[in-house]
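Be aware that the sequence shown starts at 9, since it is given in my numbering, and climbs by one per residue. Every residue, glycine too, gets a C-beta built ideally from N, C-alpha and C. Have a look at the structure below before the remarks.
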Amino acid sequence: SSAASDVYKRQNMIHDGMAIVKDIGSWLLYQQELTMLADTYRKAGKISEGLAVIEEALAMVHEKGFLLEEPEIHRIKGELLLLRGGASDEAQVCFHRAIEIARRLKAKSWELRATMSLCRLWQSQGKGKQAKALLSDIYGWFTEGFGYTDLQEAKALLEVLG
Numbered sequence: 009s010s011a012a013s014d015v016y017k018r019q020n021m022i023h024d025g026m027a028i029v030k031d032i033g034s035w036l037l038y039q040q041e042l043t044m045l046a047d048t049y050r051k052a053g054k055i056s057e058g059l060a061v062i063e064e065a066l067a068m069v070h071e072k073g074f075l076l077e078e079p080e081i082h083r084i085k086g087e088l089l090l091l092r093g094g095a096s097d098e099a100q101v102c103f104h105r106a107i108e109i110a111r112r113l114k115a116k117s118w119e120l121r122a123t124m125s126l127c128r129l130w131q132s133q134g135k136g137k138q139a140k141a142l143l144s145d146i147y148g149w150f151t152e153g154f155g156y157t158d159l160q161e162a163k164a165l166l167e168v169l170g
C-alpha cells in the first residue's frame, strides 16, 4: 500500500540521516533522529523495533545528558507500550514522566503532546472528566499557533471529551 511505502521511505531517510549525524559526532541530532525513528516504528506498528530505539534514546539521555527530547521519548515509549497491549499502567507512568519533564524544561509543545496521550488513555478508561480538565489547562496556555497540528488535535480531543 501507499502508506506502507511512505513509512518504509521515511525509515530509510531517517536511517540515512542517523548515519550522517553519527559520522560527524552530532549526538544531539542523533538522539532526535532516534526519537523520530521510534515514532515512525510506532506508526508502522513495529512495537519491538520502536521500543529498542527508545531504549537507545533513553540511554543517551542518561549517558550524555541530552534532555531536550526526553519528554517526547517517554511519550513515545508510553504509546508503544499501549500498542503492545496490557501495559496501560506502564504507559501512564511514561506519560506522567513526559509531562513532568516537559514542565521542568518549560517545553509546552512536548507537554501538550504527552498530555494528549495521557488524556486518550484516560478517555479509554472512562476518566473523560479528568482528561478534559488536564487537557484544558495546557491547551489554554497557548495564545497562538492554532494551525499547528498538535493544537488542532488537542481542540478535537477536547470536543470529544465534552
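Comparing alpha-carbon positions, which option in the options lies nearest residue i?
i, options, result
"G93", "I55, L76, I62", "I55"
"C102", "G148, K116, E63", "E63"
"L126", "S96, R112, A52", "S96"
"S13", "K51, I81, L37", "K51"
"K140", "L66, F154, A164, M68", "A164"
"K85", "I107, Y38, D47", "D47"
"R83", "M68, A106, E161, E98", "A106"
Is residue j closer than 8 angstroms to residue i when the C-beta atoms are compared?
i, j, result
"E77", "Q40", "yes"
"L159", "L143", "no"
"L91", "G53", "yes"
"L42", "A65", "yes"
"P79", "W130", "no"
Specify, as a first and last residue, the run of the alpha helix (DSSP H) that residue i falls within.
i, result
"L142", "136–149"
"G58", "55–72"
"E77", "No alpha helix (DSSP H) contains E77, which DSSP labels as neither H nor E."
"Q100", "96–113"
"E119", "116–132"
"E167", "157–169"
Output the distance between the C-alpha atoms of residue i and residue j, rounded to the nearest integer angstrom.
i, j, result
"L120", "I146", "6 angstroms"
"T123", "H70", "23 angstroms"
"G58", "T151", "34 angstroms"
"Q138", "E167", "14 angstroms"
"F74", "G134", "36 angstroms"
"R128", "L45", "22 angstroms"
"Q100", "K72", "26 angstroms"
"A115", "I81", "13 angstroms"
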